[in-house]
Amino acid sequence: MSAGVTREPDRVEVRAPRTAPVVALVTGVIGLAAGVWLLLAGGTANLVLGAVLVLFFGVGAVRAVLRLVRGKPLLIATPEGIDDGGSIVAAGFLPWSELGTIDVLPARGGAMLVIGVRDPEAVLARTTPGRARVGRAQAGRLGSPVVLPPTVLPVPAEELAADLERLRPGP
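So, in structure tokens, the structure goes:
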């Protein structure tokens, strides 16, 4: 069994490696400390830059803590469909009837898993406007807004694609 992937006869659950949110948290804390230091140093430029750093890295640190505490799966696949919580659009539950091909494309650092959707605009309508913009750009480049990059996958994309195809109901 691969770390980060739970395989059952009728369910596959994928969780991100714990290293990504830990690195994000450490980076956020360092950036937050730098921002506080600048705020305390005084001066107009220091105050402005310090406030920007505190805001940016504070939000990043909070998001990293939430990812560590919640530990929400990136992807859950069953014979009913796929629940996407790991792509940039975090599309939620997608029944197999809404899904097209499952492709593996080369990327820096490994391969990415591209889960094709029959109606990308319907999927994007269920997400926030910011995520929808990124999803549209991604769909234009890769053919789908639902993409899991190699940086979040705990196993090779090819292995995960095979697991998903195994759960896809026949015609």
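Taking full-length UniProt numbering, the leading residue of the sequence shown gets 1, the next gets one more, and so forth.
Here a beta-carbon is modelled for each residue, glycine too, at the ideal position from N, C-alpha and C.
Taking the C-beta atoms as reference points, Val117 is found no nearer than 8 Å to Val147. Within the DSSP secondary-structure output, Pro154 pairs in no beta bridge.
Counting only runs of 4 or more residues that sit fully inside the stretch 4-60, the alpha helix (DSSP H) segments are 19-41, in chain order. Gly92: member of the beta strand (DSSP E) spanning Gly92 to Pro95, first to last residue.
A direct Cα-to-Cα measurement between Glu121 and Ala61 gives close to 32 Å.
Going by C-alpha positions, Gly143 is about 10 Å away from Gly135.
When only Cα atoms are considered, Leu39 and Leu49 end up about 8 Å apart. Counting C-beta atoms within 10 angstroms of its own C-beta, Arg15 has 16 or more neighbours from the protein chains shown and is therefore classed as buried.
Here DSSP, grouped into helix, strand and coil, assigns Val147 to strand.
When the five nearest sequence neighbours on each side are left out, the beta carbons in the same chain lying within less than 7 Å of the beta carbon of Pro17 are those of Gly4 and Pro154, in order along the chain.
Partner residues in the beta bridge of Leu105, as assigned by DSSP, are Met112.
For Val65, the closest C-alpha among the options Gly86, Ala51 and Ala20 is that of Ala20. Boundaries of the alpha helix (DSSP H) harbouring Ala137: Pro129 to Leu142, taken from the DSSP string. Val104 has its alpha-carbon roughly 23 Å from the corresponding atom of Pro9.
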